[in-house]
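Data block below; observations after.
Number of protein chains: 4
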Amino acid sequence: MTAEARPRLRADARRNRDRIIATATQAFADDGPDVPMEEIARLAGVGVGTLYRRFPDREALVVAVVRDSLATTLARARAAADSDAAAAADPATKADPATADPAAAEGRAWDALVNSLNPSHELRLTMRLTSLFSPTTAAAVRADPAITRIRREYAETLDALVLAAQAEGSLRPDVGSGDVAHLLSLAAYGLSRAPDATAEIAFDRARAIILDGLRAHPTAPLPGHPLTTTDLASE
Amino acid sequence: MTAEARPRLRADARRNRDRIIATATQAFADDGPDVPMEEIARLAGVGVGTLYRRFPDREALVVAVVRDSLATTLARARAAADSDAAAAADPATKADPATADPAAAEGRAWDALVNSLNPSHELRLTMRLTSLFSPTTAAAVRADPAITRIRREYAETLDALVLAAQAEGSLRPDVGSGDVAHLLSLAAYGLSRAPDATAEIAFDRARAIILDGLRAHPTAPLPGHPLTTTDLASE
Amino acid sequence: MTAEARPRLRADARRNRDRIIATATQAFADDGPDVPMEEIARLAGVGVGTLYRRFPDREALVVAVVRDSLATTLARARAAADSDAAAAADPATKADPATADPAAAEGRAWDALVNSLNPSHELRLTMRLTSLFSPTTAAAVRADPAITRIRREYAETLDALVLAAQAEGSLRPDVGSGDVAHLLSLAAYGLSRAPDATAEIAFDRARAIILDGLRAHPTAPLPGHPLTTTDLASE
Amino acid sequence: MTAEARPRLRADARRNRDRIIATATQAFADDGPDVPMEEIARLAGVGVGTLYRRFPDREALVVAVVRDSLATTLARARAAADSDAAAAADPATKADPATADPAAAEGRAWDALVNSLNPSHELRLTMRLTSLFSPTTAAAVRADPAITRIRREYAETLDALVLAAQAEGSLRPDVGSGDVAHLLSLAAYGLSRAPDATAEIAFDRARAIILDGLRAHPTAPLPGHPLTTTDLASE
DNA sequence: CATGAATGAGGCTTCATTCAT
DNA sequence: GATGAATGAAGCCTCATTCAT
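Protein chains in written order, with UniProt numbering: chain A, 1 to 235; chain B, 1 to 235; chain C, 1 to 235; chain D, 1 to 235.
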């Protein structure tokens, strides 16, 4: 997934690496950013040495976890954008607006936008993590080239979705992809804490309300100007 | 500020205690939840011994900080509610809807609700803190009787504001005080991170969009049922 | 002994500090430069925490040990120089060269030089240490201002002794204080390894032979030019 | 190079083994006695596994390195002794003292002694190594039969050189081969540290002074008795 | 009471050594 | 045989907490 000089990992090493990242993601989410490395190793069923062979220090592990999670999120958003494009190319879909489901009347682009923002379990955990790590670690995360690239590509994908939704008139024109990303990351963050059904509902409701706020029926002018993703780069 | 048995601390001791809490609040906000106790003591200009005399252990200090911050927030929300009640009792205010400021057309209760949710510096810190502490410490915070009481009183105050806004027709009827608290805490949380102007704007815009979503113009039924604050107690 | 802002240490702290340095000096000599910090602490009868409170890391401890040892050595060399000066001022001492002990016929300055080079137990340990530490640590030692100052003062003292001995004709004129320091440090180094009587003898003999070589009876011109202490600064 | 049961290693394995020893010798000299085994393996271009196949543990590698180095040194000292013997047997050499180079007036045996003590690069490394390893490792080195044998043979060679030089009157009679070995090892040790020109000069000068001290012009009786190599066995 | 010195458990990381591929 | 992945013991250092001054 990265462009590093890591041509091929031995099968078992690869499996270990993947399991460590998955375990670490979960452990960080469960116990906070300070979970002992030994605990992570234990949960992953490996010795500390193996953990450190793969990730030179805690920071490297965190970066890998975030990188992995963001890559998944990007793939998801892209899939949503692509399926939207495919649907648009297929005249059979939503052929006649008049006969369409009124609840889905917002249009294809809107649906694509909403789908792309449905946070995966992984992303939720990452949302939480990125806000919990120490300033030093956060800086390391932002400095990672692979993460930077993913963020940029994600921003581009989201930009396209936002513009399409605004073109079809379903998304209010005075918001930018930065606003959208910010709001949805907030919603996802709220979800990431409690793992139970209530949190699930609270998230769904919050998301619905936020989406209502994003629809093209502004009741009052928004302050400032539409935020682009770049505006939030320092987030 | 709290309802504890406060056996009349000597003036200077009292000052010490207050300074420690203020310092700790700032230190937690600046450097994260792991600031060493010695660092806090140093910043407060006292020895560790003094710190430990006031707060038997780190958890007690955290609890005190959160308690203090929540108490301030509650007082602020109450003041907003009270001024609303006072305004309602005063026929001179907003006497004639026709002459009222159109931008404020949502009604007095709506304004009161919005005001009560304008996060103070203190609240922002608290938002950040409560989401950053370890699960263990978070549990200790929730278990604190004084904090529980404050949360309950805060919920009651918010309930009243929500009901009033729904009664006047400005707040959509399918939300509860839990939804409102959840959404606004999310917005405030987003703010608490970066202290720069961009974050300020992002927060203002996010809040505006959320408020639009909360207004009484539901475009689609919300999933589930209106959340009460109790629903979110485990958050 | 240093010019740091350490005005006064609490009596017990001071005692601990001294004991730690003494213990560390011995431990380094006995077990090499890698003695675990915990071992040093244990031998000194304190907890690791105390050790680290006084010396932020291993390097700081090493620097302190070397500094302490060099200071002792400097004091010793100075005492030798001073007693020589005092003797010279006292007409009763060695009043008549003709009646002096033939074995001591070399003169007062020579005796002073020899005395100043009688390595203390501490210095022997230090000799061994400075050559055993890692390049990084060695660099830290050389970078220490207090150590730099002591080395400079020591060089000045030795310079005076060397010049005096050459003036009285007992020390061969084609050597410098750098040569003298180098040779004697070699002898002392050899001594520092084995702690038994044999080593003691070997050292005494080696020193006697070296001193013979240093006497004013050069049988062959020495290569290069007389070394000054500065020439050996990188040693 | 050693007298072990060397069951005819395959050519490439043999090459591996030699490269590992050479690499390790250099690595120890460059980076100190704590170079990780993996680093040595990497520098030698083999995997750790291969390293451990040849040398069961770190101690075995160190012993092999020292053994190798000492064997080289012994060969050199023997060559010097042999050439001296050959020269002595050849009446053409130094036939007429009157026509001899005055600077070489000390005699053939003296020259042989001096030559045998001219430290090779290998010996310098060994000097450094043997003094840097931990007490435990140093003991293992001394306990190695091959090393013991080499030391013994070296002592015998040196004994012969010393006796010859004393017989011809160039070496003072009150020193033993132990004294000579001790002094020259000290000089060589001093050299092994800094690899620059200053160190070269300092070594040359120190050696010259020491040789002056060793010449047959004792100005004072030496303490103790002439040391044999055995006296220094524990060094 | 205030201070800051002492303690030691606990987390991070390294590396000698073993073992599966 | 060669390789390098896995293991875990051991050392460094931090910091919450206790206690002597």
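Ideal Cβ placement from N, Cα and C applies to all residues, glycine included.
Here the structure is a predicted model, which means the values were calculated and not measured.
Ignore the nearest five residues each way along the sequence and tell me which others in residue i's own chain have a CB closer than 8 Å to its CB.
i	result
SER116/B	ARG76, ALA77, ALA80, ALA81, THR157, LEU158, LEU161
VAL141/B	VAL62, VAL63, VAL66, THR130, PHE133, ILE147
LEU74/A	ILE150, GLU153, TYR154, THR157
LEU70/D	THR126, ILE147, ILE150, ARG151, TYR154
TYR52/D	MET37
Taking its Cβ as the centre, do 16 or more other Cβ atoms sit within 10 Å of residue i, making it buried, or is it exposed?
i	result
GLU38/D	exposed
ALA143/C	exposed
GLY213/A	buried
PRO102/B	A caution first: PRO102/B carries a pLDDT of 41, below 50, which makes its placement in the model unreliable, though a value can still be read off. Burial call: exposed.
ARG14/B	exposed
PRO119/C	buried
ALA181/C	buried
Counting only the same chain and skipping the five closest in sequence on each side, list residues whose C-beta sits under 7 Å from that of residue i.
i	result
PRO97/B	Caution is warranted here: a pLDDT of 45 is assigned to PRO97/B, below 50, making its placement in the model unreliable, and the coordinate value is therefore given only provisionally. The answer is none, since no qualifying residue turns up.
ALA165/C	ALA109, TRP110, LEU113, LEU171
VAL35/D	ALA27, PHE28
THR23/D	ILE40, LEU43, ALA44
THR137/B	GLU59, VAL62
ALA11/C	none
GLY107/C	GLU168, SER170
ALA95/B	Unreliable positioning characterises ALA95/B in this predicted model, as indicated by a pLDDT of 44, which lies under 50. A coordinate reading is not provided.
Measure the Cβ-Cβ separation of residue i and residue j and say whether it is below 9 Å.
i	j	result
LEU171/A	LEU113/A	yes
SER185/A	GLY178/B	no
LEU129/D	ALA29/D	yes
ALA206/D	ALA187/D	yes
ILE210/A	ILE201/B	no
VAL48/A	ARG19/A	no
ASN16/D	ARG58/D	no
PRO135/D	ASP31/C	yes
ALA139/D	GLY169/D	no
What residue does the alpha helix (DSSP H) around residue i start on, and which one ends it?
i	result
GLU168/C	Neither: GLU168/C is in no alpha helix (DSSP H) and is coded neither H nor E.
PRO135/A	135 to 143
ASN115/C	108 to 116
ASP30/A	11 to 31
GLY47/B	Segment: none, GLY47/B is in no alpha helix (DSSP H) and carries neither H nor E.
SER120/B	No alpha helix (DSSP H) holds SER120/B; DSSP gives it neither H nor E.
Apart from the five residues just before and just after residue i, which ones in its own chain have a Cβ nearer than 6 Å to its Cβ?
i	result
THR72/D	GLU122
ALA208/C	none
PRO173/B	GLN166
Positions along the segment 164 to 185 of chain D whose CB lies within less than 8 Å of some CB in chain C: Result list: VAL175, GLY178, ASP179, HIS182, LEU183, SER185.
Contact list for the UniProt domain "HTH tetR-type" (14 to 73) of chain C against chain D, Cβ threshold 8 Å: Residues ASP30, ASP31, GLY32, ASP34.
The segment 114 to 142 of chain A: positions lying closer than 7 Å to chain B by Cβ: Listed in sequence order: SER131, LEU132, SER134.
Residues of the segment 203 to 218 of chain D with Cβ closer than 8 Å to any Cβ of chain C, in chain order: Those residues of the segment 203 to 218 of chain D that come within reach of chain C (Cβ to Cβ, closer than 8 Å) are ASP204, ARG205, ALA206, ALA208, ILE209, ILE210, LEU211, ASP212, GLY213, LEU214, ARG215, HIS217, PRO218.
Interfacial residues, the segment 145 to 159 of chain B to chain A, with Cβ spacing under 7 Å: Within the segment 145 to 159 of chain B, no residue has a Cβ that lies closer than 7 Å to any Cβ of chain A.
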